[in-house]
Amino acid sequence: MTRYRKELAALNSKISDDEFSITLLTSLPDSWDSFIQGVDTSSLSNSTALIARILEQARRKIAKPSSDDIALPANRFKGKSGKSSPPSPNSTCHGCGRPGHFISDCYDTAAGKTYTEQQKKENHRRYMRNKTRPNKSHRAHLAQEEDQPTETDYAFMGQDSGYNNLPPDTWLIDSACTKHIVRNKSLFSTYSETPGHSVKGFGQTPAVGQGTAAIATHSGKHAFNIALRNALHVPDAPFNLISVGCMTQAGFTVKFAADSLSVFAPGSSSREVIHGKRAGNLFVVETTKSSPRFASSLQSPPDTFETLAFPSIPASRTWKDWHRTFGHINAKSVKLLHDKGMVTGMTVDPDSPLEFSCEACIRAKQNVQSFPPEAERKYTEIGEMTFTDVWGPARVNGINRERYYVSFTDGATRRTVIYFMKQKLEVEEKIKAYVEYIKTQTGKRCKAFRFDNGGEYISAEVKRYLSGKGIHSEYTAAYSPQQNGVAERLNRTLIEHARAMLAEHDLPLFLWPEAVAYAVYLKNRSPTRALDRDITPDEAFWKKKPDVSTLREFGSPCWVLRQDGKNQKLTSKSRPFHFTGLSDESRAWRYFNPESRKIQTSRNVIFNTKEVEDDSPATEKNLTSGLEGEQRKANNFEIKSPSTPLPMTPLRSLSPLTPLPSPSPSSVSTPSKAPRDISSTISTENIISGKRTTRSAPTLNYRLLNNPDSRSPKRPDAWKTRVPNSSDAPPEFDTVAFAFPSFQQSSVTEPLTVDEARSRPDWPKWKEAMDAEIEQLNKLNTYKLTQCPPDRVPIANKWVYRVKRDADGKIIRYKARLVAKGFSQIPGIDFDETFAPVVRMETVRLLISIAARYKLRAHVVDVIGAYLNGKLDEEIYMTQPECYEDGTTRVCKLERSLYGLKQAGRVWNLTLDSSFKELGFTRLLSDQCVYIRRSQKGIVIVAVHVDDMSIFASSDELMTETEVQLESKFSINKLGPLRQLLGMEIRQTEDSIILTQTQYLTRILDRFGMTDCKPVATPMDTHIKLSRLPENESHPDIKAVYQNIIGSLMYAAITTRPDISFAVQALSQFNTNPGPIHLTAAKRILRYLKGTLNLGIKYSSLDDFEPVLFSDADWGNGIDDRKSISGYVSTHAGGAVTWNSKKQPTVALSSMEAEYLALSATTREALWLRTLFAELGLPFKHPLDIFVDNQGTIAFAQNSGFHARSKHIDIRHHFIRENITSNKVSIHYCATEENIADILTKGLDRNKHEHFLELLGMYRA
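Numbering of the sequence shown is given in the numbering used here, commencing with residue 34 and proceeding in unit increments.
Written out as structure tokens, the structure reads:
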């Protein structure tokens, strides 16, 4: 037939698939009727598939000729194995002679006399239906296994054409099924193929598999997922069938009603798990879409039940369910979809609430809620409520290095008191001062404070003080400063007023505390809507109207009488200054003296009102000049500071500036005319042409006066400040930084000589430290006085002074040390060997990471006069210490080592090593300044750096025992838990240790005038390539400062800041001849550090990985020599422990070669780590992993072959292969985005830089 179809097609007479399929079926013999009835009409459109089914059925008939289809009558079966076929259209009734039916169905009375009238009528109706449609649409379905013996009676499900609109995935309850029938294989959780298996009742239909299938049902508001065990997979079944027999056998109860059916769970007559509705003569199960995910969860169903019930998707959903279904749209939109009928299939549970709370929406969509206007609470008594807040840090330090202020506003009077601070830690002190101030001035007690959740307010000390005084604390909600609106709005008011006052007279920014204080003074004398009565806060507080007759404009020019006795007969008796406020301590005026850079007070001050009101003030006359390359900017000293305040070095305390009632200087008079000789001080070159001028006091250039270097005619270009073109731009860091270098130093400097120390007010403290040093020298018999041999020249000595600080920057002690001038020693006479090891910084970090990982105790001790413990073998003579001479010609013959001697370090190291061995410690080979001792009690590790010893112990008992033993050998200071070591601040928590260098970096910024610089996000600009200057170009004037910057940054780069290692390494190449572009790049690193002062490395006990190393190289990075950059980093306990960024010694000919040379350095580091860990009792069971992002390098390292492109690589690098073979290291590939060493080989953009910071384990402390 297929050939005939092709021939017809060649004659342009095409036959469609449907027509060809019908032709095929009608050509089949009568014995194929059951097969024809099992063919679904939907499969007629695919004649190829139909032909395949026919051929398969024919093969079965040949293989099993006895397994003919069971003839299924339209009513019931009779006999044990009766077979019958439905009448074909060509069949002829033997009774009436008409075709299409048998005699048993004949309606003719004579022919069907043996049948009742009702049976005849029914037969006739069926006959007429058969005439109007194909026979296969009227069929009966019986699900029966082919190999199962047939029974006498079978129940069956009958279907006629009225149910053709049911979808194929419909589930029907069938009492004639011996097994569950499932069409879709994806519903099975367990599955096994059943070749040769077939099911009768659908025509001879194959069952290709068997297993446990899932069906999702619902009953009312409840839903269930049912597991059907031993279900047959019949892809050609018209519908899915649930066997009633299997359900009842499993313990379920099946109940049929007129229009519905119910299946109840085993052992329950009320828990309905399946509900069905009648559709004609069929019962259709109400289902929801089953999830394959559920099916996969039924790998091990219980043995006692056929079915399993689990929660599923409800038929009718709540409003909240639909809200989540539609991607969390708002409830109004969900209701609109339902009410307007904009979608179909949206069934809503009528009992569900339309208003609901969605946690996901709260987390994802919550915005800052506006605060509705409400009646503000009225306070009637002073001290009943105080609103307080801290402002800062300011970009520019105040004249006394203030960076913050704290304000206190009384709720009843709205009077404000303000205190200035250098750091937030002073808040507790200011709160105490304010409480005492209120008590002293008014006799009232502070009853309540309202403040935000800043760390300065929620500290234990502040809470303890307030609770002890019975003062109630009210904290605002997180991120809701509006709740403390009085204090928050005050900050804005004060800063805006202060900014305006400074800008009006173009005053320097460091006068901002004076301007803010005067703004507070004026605010207390100004009206406020908060007070019902027409009074000012000052009157409400003091019960007296304030007198404003003496008020002057802030910054206005004034003349101050010289009373220092230095004025000459013909010179002016008065000097021009600027008014800055009223004195709190005395009834006098405050003014700014630019020469001394101080705020001073005087009662003899004269103001010229007319000059102040002049429309052409002389304040511009001398302010146009400044530092060379600097433009005058608007006075905007407010900055966007980091969320966490940056620590700073503590300075001397500053007396609080508390506004008091205004003084009324009775002796001050305002003359109608200024002194005659004022005009002589005005230079004609400063007069602005075209504008009217007055005889007012000339305005001074404060920056020029306070920076003598800036008055020089020439300044190096590299020191010029790069500023925006607009004069209204906010001040940059360079504007103030290089203008006032002398004022950026620490308030407590260290004297260089005895004479300098003696001239200082803190001389008693330095003298006390010197006495302690001499006492220690005498105690240890360091020297004895004797006459110097005539053939020897005694070496000199000097006193060195240092201030010791704690981790917070507070001074803990003054230290003086007598140091010999060892540079005058003669080799072979005064000394021989000088080498002495110090602990590697990598070892220190590694020990700290081990302490964090294994939660070891970490303490530090300081050996007093460490070098004095070593005995000298050489004969050395020294002059007597200054301030301690005995008046004779005798000199000191040194018996013990002294600081400054060439051999001092070596002698101390030998003494130390001997002492530790006596205490049972063993020195490590990998680092000779680390000692370890193991016992049944645990382990103790000691790392020595000159006179600082870091002790790591597994228990408090061992820590105490070790400290006592060391105390028996040396005189030590027990400094307790490790908080500061070698310039690092160490912060320990229960689960982690963080290393930072905030103080050290702050001092660097302070030293180079970058304290107020503008931060940047990365240490290097990726768009700039640096190269050497031409040979004929040099800048000796900036060479020294450049080298100092790089040298200062170098220590941070090798200690706690791997993020700047590459930048420092790259810039160090230009130390011999730096130019302006190099200095700018160096300053960029300082700007980066400004924004990351509290960034540090975090080691955690939660990270249990062994050390991992990363290796990388940047091929041909150097513009001048085309050498590549190697970089490696190792991590342990979640943070970086060792790292290196270095230019390769040779030029690499390929990226593979560059990566291979970098891998060589990384392998050497890995071997050192293996040795150190093994000596510490932590040997590795596996090779150390090294990750590289170059596949060629990995292949070259793992294969020993040579070829033309690699044979030139130095043989010393091939030891990598030896260590791979010996299982000491293992090389793996990683993507460049995950190779941490990438940050050590090149400058990166912000996103990549921050990504690698996280991988390095660097976090803000």
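Just so you know, even glycine gets a beta-carbon here, dropped at the ideal spot from N, CA and C.
Beta-carbon separation (whole angstroms), residue i vs residue j, contact threshold 8 Å
i: K1007; j: E996; result: 6 Å
i: H1261; j: D1222; result: About 10 Å; that fails the 8 Å criterion.
i: T351; j: S385; result: 3 Å
i: N258; j: D202; result: With 8 Å as the limit, N258 and D202 do not qualify as a contact, their Cβ atoms being about 16 Å apart.
i: L879; j: V1170; result: 5 Å
Host beta strand (DSSP E) of residue i (start-end)
i: Y224; result: 221–226
i: L879; result: Run containing L879: none in the beta strand (DSSP E); it sits in the alpha helix (DSSP H), 874–887.
i: E908; result: 904–911
i: P797; result: From DSSP, P797 is part of no beta strand (DSSP E) but of the alpha helix (DSSP H) over 796–812.
i: W65; result: From DSSP, W65 is part of no beta strand (DSSP E); its letter is neither H nor E.
i: C925; result: 924–929
i: Y438; result: 437–443
i: V1344; result: Residue 1344 lies beyond the residue range present for the chain, which begins at 34 and ends at 1294; the question has no answer from this structure.
i: V1141; result: 1141–1147
Environment of residue i [buried if 16+ CB atoms lie within 10 Å]
i: P228; result: exposed
i: S1157; result: buried
i: K1116; result: buried
i: S1060; result: exposed
i: D1278; result: exposed
i: F389; result: exposed
i: E663; result: Any reading at E663 is ruled out, since the residue's pLDDT is 30, under 50, leaving its predicted position unreliable.
i: R410; result: exposed
i: A43; result: exposed
i: N811; result: exposed
i: P200; result: exposed
i: F1285; result: buried
i: T1031; result: buried
i: E1198; result: buried
i: T1089; result: buried
i: F856; result: exposed
i: E52; result: exposed
Start and end residues, alpha helix (DSSP H) containing residue i
i: N1077; result: 1069–1088
i: K1281; result: 1279–1288
i: A1169; result: From DSSP, A1169 is part of no alpha helix (DSSP H) but of the beta strand (DSSP E) over 1168–1176.
i: K1123; result: 1109–1124
When the options are compared against residue i, the one with the closest alpha-carbon
i: H230; options: Y437, Q90, P784; result: Q90
i: L1100; options: D1054, D1145, E1066, D1024; result: D1054
i: R1293; options: Y554, C916, A849, L1126; result: L1126
i: A829; options: T912, E808, Q820; result: T912
i: Y551; options: F453, K576, C925, H505; result: F453
i: T634; options: R595, K606, A1199, L603; result: R595
i: V1141; options: F640, S1259, K577; result: S1259
i: L57; options: T473, K39, S80; result: S80
i: A1181; options: K502, G903, S1193, W1148; result: W1148
i: S1067; options: M1043, P1091, G1108, S1094; result: G1108
Residue i beta carbon near the ligand SAM (any heavy atom closer than 8 Å)
i: F612; result: With respect to the ligand SAM, the structure offers nothing, as it holds no ligand at all.
Beta carbon proximity, residue i to chain B, threshold 9 Å
i: I1260; result: As a matter of chain content, chain B is missing from the structure shown, which is built from one protein chain.
Decide if the segment 1198–1214 is in contact with the segment 1123–1134; the criterion is three or more beta carbon pairs, one per stretch, under 8 Å apart. no
The segment 553–563 touching the segment 441–452, judged by at least three CB pairs closer than 8 Å: yes
The segment 490–501 in contact with the segment 516–534 per 3-pair CB rule at 8 Å: no
Are the segment 811–823 and the segment 922–938 in contact at 8 Å, needing three or more beta carbon pairs? yes
Should the segment 1263–1283 be regarded as contacting the segment 1072–1082, the criterion being three or more beta carbon pairs within less than 8 Å? no
Meets three-Cβ-pair contact criterion under 8 Å: the segment 1030–1045 and the segment 893–908: no
Any contact between the segment 275–285 and the segment 239–247? By contact I mean 3 or more CB pairs, one from each, below 8 Å. no
Within 8 Å, do at least three Cβ pairs link the segment 1105–1121 to the segment 1172–1181? no
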